[in-house]
Amino acid sequence: MTFDIAFAISQFPYLLQAAGTTIVIAISSIILGSLGGTFLAIARETKPQWCGRPIALYVSFIRGTPLFIQILLVYLSIPKFGADIPKIIVGIIALSLNAAAYVAEIVRGGLSALQPGQIDAARAAGMPVSLIWMHIKLPQTFALILPPLTIQFISILKGSSLLSVIGVVELTRLSQTIISGSFRPVEIWIATGSIYFILCFTLGAFASHLERYASRFRR
Amino acid sequence: MRYDLSVLAPFYLVFLGGLINTLLYSAVSIVLALIVGFSAALGKSSNSILLRSIATIYVEIFRNTPFLVQVFVFYYVLPQFELALPVALAGILALSLFTGAYMCESIRGAVDAVPKGQVDAARASGMSHLRCLYRVVAPQMIRYLLPPLTNNMIGAVKDSAILSIITVPELTMATQIAVGETFGAMEAFTVSAILYWLVCGAIELGMQRLQRASYHHRLYPV
């Protein structure tokens, strides 16, 4: 067995291009998932009782089943509605649906850690509910939940590798394609693994930078 | 749009077999991951810079790369180094090491949650480092450890689904076999999703019981 570094280098531009797709998928899913998750958490907190049950069931289903199966279910069910959607969009939808449930749970945890006195004070001062959310609850919550949120974002980035199964040409899928044409799994998987590592590590480093900035919003 | 669960009825044994295998592989991996996680946590808190860096590198690599890529490395790259493992073994090994890295962080978090003064007091009263870990830290960290550990265990069960990609015969693989025979992909994956959901629900309930028990009783004689 030989390790051909020249081969790895020759394929690196293609891998980087596919890593771009991975980044696009991850960032879209992170944004959509965060928005959806925050919305779910707010809905669960403010709306009447009937809203809570379905959301709790949704969160429990997503957290209790493998992402792999969720991706397959979304992939199989979208054509049944007669829609012709590109695979990458299907993948982003699946990842966002998954992320929303986890983010909702994290936001809920953060909300329950806020000091109730602050909200009582805001209410007593006559602040409308929407302003309480915008200025008191959400900023503090996000400052508080940044570490678990980062772990979640990294797992979305890693989860995007599963989209290779439904044929989205991202980093993992391209690696498989290159390997099936060249029979050089060692070089390619090491290169691919390193790219994922750098992406995840950067995301984590960015988040801890953000955390230092966000700590000023705490209490 | 056709949706007919009854086409799957003849395949209940396939699902059952897959479910049993999933439980088996997850259970073995969880036990191995606990051992790996504790070792890595000890390594990370050790005084030796060598042990500390090995543990840190292990945890960072396994937490920052996708499990799918790790599985491919264990299944396709190791044979290139004359280390061909059977699929099930490669799968269990990958799952254990992946889950172990997460468990290491859970364990470290739980240890950090035990008030520092307790350790200082134990050490000051002449307990050895190991005795202090066993008598003072371990009994108190259990209650902080159980919730993240539950997540890690559920994660292991869910991630075992990915092993079907290298043809480990677990629940997702069994589902794909049923899909191949019946073409009822939607139905089959709904069934397996519900089975996974039940398993994860059961783990969560069981661990909640354990958590409550850990509050009411001392798990260790002190």
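These protein sequences, in sequence, are chains A and B. Anchor point for the first sequence: position 95 equals 75 in our numbering, and the numbering is continuous, going up by one each time. To convert, take the position in the second sequence, counting from 1, and add 3; that gives our numbering. Yeah, the Cβ is synthetic: ideal placement off N, Cα and C, and Gly gets one too. None of these values were measured; they are calculated from a predicted model.
Span of the alpha helix (DSSP H), counted from its first residue to its last, around residue i
i	result
Y38(A)	Q29 to G44
H189(A)	P165 to A194
S42(B)	Y15 to K47
R126(B)	K119 to A127
P119(A)	L118 to G139
D162(B)	A141 to D162
T157(A)	L151 to S162
A12(B)	Looking at the DSSP string, A12(B) is not in any alpha helix (DSSP H), and its letter there is neither H nor E.
G67(A)	In the sequence under discussion, the amino acid at residue 67(A) is Lys, which differs from the Gly named in the question. Run containing K67(A): K67 to S92, per the alpha helix (DSSP H) assignment.
M114(A)	Premise fails: M114(A) is in no alpha helix (DSSP H) and is neither H nor E.
V62(B)	I52 to R66
M106(B)	V90 to A116
Y(-6)(A)	I(-15) to T26
R103(A)	P96 to A104
M130(B)	From DSSP, M130(B) is part of no alpha helix (DSSP H); its letter is neither H nor E.
F48(A)	L47 to S57
G183(B)	L174 to T185
F70(B)	F70 to F75
Residue i classed as buried or exposed, judged by whether at least 16 other C-beta atoms fall within 10 angstroms
i	result
S9(A)	buried
P224(B)	Its pLDDT being 48, under 50, P224(B) is placed unreliably by the model, and the measurement read from it follows with that caveat. Result: exposed.
G209(B)	exposed
S9(B)	exposed
A87(B)	exposed
Q(-9)(A)	buried
P165(A)	buried
D162(B)	buried
K119(B)	exposed
G147(A)	exposed
A124(B)	exposed
E190(B)	buried
Y55(A)	buried
Y82(A)	buried
D(-16)(A)	exposed
F186(B)	exposed
G106(A)	exposed
A12(B)	exposed
Q121(B)	exposed
L(-4)(A)	exposed
A177(B)	buried
Selected residue, minimal CA-CA separation from residue i, among the options
i	options	result
P128(A)	E108(B), L37(B), D115(B) and A125(B)	E108(B)
I68(A)	V83(A), L151(A), S162(A) and R88(A)	L151(A)
F19(A)	Y(-6)(A), L118(A), S160(A) and S92(A)	L118(A)
Q73(B)	F177(A), S195(A), F181(A) and E191(A)	F177(A)
N14(B)	L133(B), G183(B) and W200(B)	According to the sequence displayed, residue 14(B) carries Phe and not Asn. It is G183(B) whose Cα lies nearest to the Cα of F14(B).
C180(A)	L201(B), L81(B) and I64(B)	I64(B)
L77(A)	A63(A), G89(A), S92(A) and I35(A)	I35(A)
R88(A)	Q29(A), I125(A) and A101(A)	I125(A)
I180(B)	F18(B), D7(B), A12(B) and Y6(B)	F18(B)
A194(A)	F(-17)(A), A123(A) and S144(A)	A123(A)
I175(A)	I(-11)(A), A104(A) and R192(A)	I(-11)(A)
L148(B)	Y78(B), Y28(B), G187(B) and M106(B)	M106(B)
S144(A)	R192(A), F(-17)(A), S92(A) and A(-2)(A)	A(-2)(A)
I60(B)	I110(B), L198(B) and A43(B)	A43(B)
S92(A)	E25(A), E191(A) and P(-7)(A)	E25(A)
L27(B)	M156(B), E207(B) and T185(B)	M156(B)
E207(B)	A104(A), R192(A), L52(A) and F41(A)	F41(A)
Contacts that residue i makes with chain D (C-beta to C-beta distance below 8 Å)
i	result
V145(A)	Considering every chain present, this structure includes no chain D. Its protein chains are A and B.
**Asked** Are the stretch 130 to 144 of chain A and the stretch 59 to 71 of chain B in contact at 8 Å, needing three or more beta carbon pairs?
**Response** yes
Original post:
Is the stretch 136 to 154 of chain B close to the stretch 165 to 172 of chain A, with three or more CB pairs under 8 Å?
Top reply: no
According to a CB-to-CB cut-off of less than 7 Å, which residues of the stretch 48 to 69 of chain A neighbour chain B?
F48, I49, L52, L53, L56, S57 and K60
Review point. Between the stretch 22 to 34 of chain B and the stretch 87 to 101 of chain B, do at least 3 Cβ pairs fall closer than 8 Å?
Key: yes
At least three beta-carbon pairs within less than 8 Å, the stretch 111 to 130 of chain B to the stretch 155 to 173 of chain B: no
**Item:** Interface positions of the stretch 83 to 107 of chain B facing chain A (Cβ-Cβ less than 7 Å), listed along the chain
**Value:** Q83 and F84
Any 3 or more C-beta pairs closer than 8 Å across the stretch 210 to 219 of chain B and the stretch 54 to 61 of chain A = no
| query | Got a sec: which bits of the stretch 172 to 187 of chain A sit with their beta carbon under 7 Å from any beta carbon on chain B, in order along the chain? | reply | Listed in sequence order: T172, G173, Y176, F177, C180 and F181.
Three or more beta-carbon pairs under 8 Å between the stretch 143 to 153 of chain B and the stretch 180 to 197 of chain A, yes or no? Contact between the stretch 143 to 153 of chain B and the stretch 180 to 197 of chain A is absent: fewer than 3 CB-CB pairs across the two stretches fall below 8 Å.
- Cβ pair count under 8 Å reaching 3, the stretch 123 to 133 of chain B against the stretch -1 to 17 of chain A: no
Exercise for review: Could you run through the stretch 30 to 47 of chain A and flag, in chain order, every residue whose CB is less than 8 Å away from some CB of chain B?
Suggested key: S40, F41, R43, G44, T45, P46 and L47
For the 8 Å Cβ check, are there 3 or more pairs between the stretch 43 to 55 of chain B and the stretch 143 to 162 of chain A? No, the stretch 43 to 55 of chain B is not in contact with the stretch 143 to 162 of chain A.
*asked:* Taking contact to mean 3 or more Cβ pairs, one atom from each stretch, closer than 8 Å, check whether the stretch 104 to 124 of chain A and the stretch 71 to 85 of chain A are in contact.
replied: no
So, does the stretch 28 to 47 of chain A touch the stretch 98 to 113 of chain A, judging by three or more C-beta pairs under 8 Å? no
Query raised in the report: For the stretch 151 to 173 of chain A, which residues have a beta carbon sitting closer than 7 Å to at least one beta carbon of chain B?
Result: T152, P165, V166, W169, T172 and G173
Of the residues that make up the stretch -18 to 9 of chain A, which ones have a beta carbon closer than 7 Å to any beta carbon in chain B? none
Item to complete: Below 7 Å between beta carbons is the criterion; list the residues of the stretch 195 to 213 of chain B that meet it against any residue of chain A, in chain order.
Response: S195, A196, Y199, W200, C203 and G204
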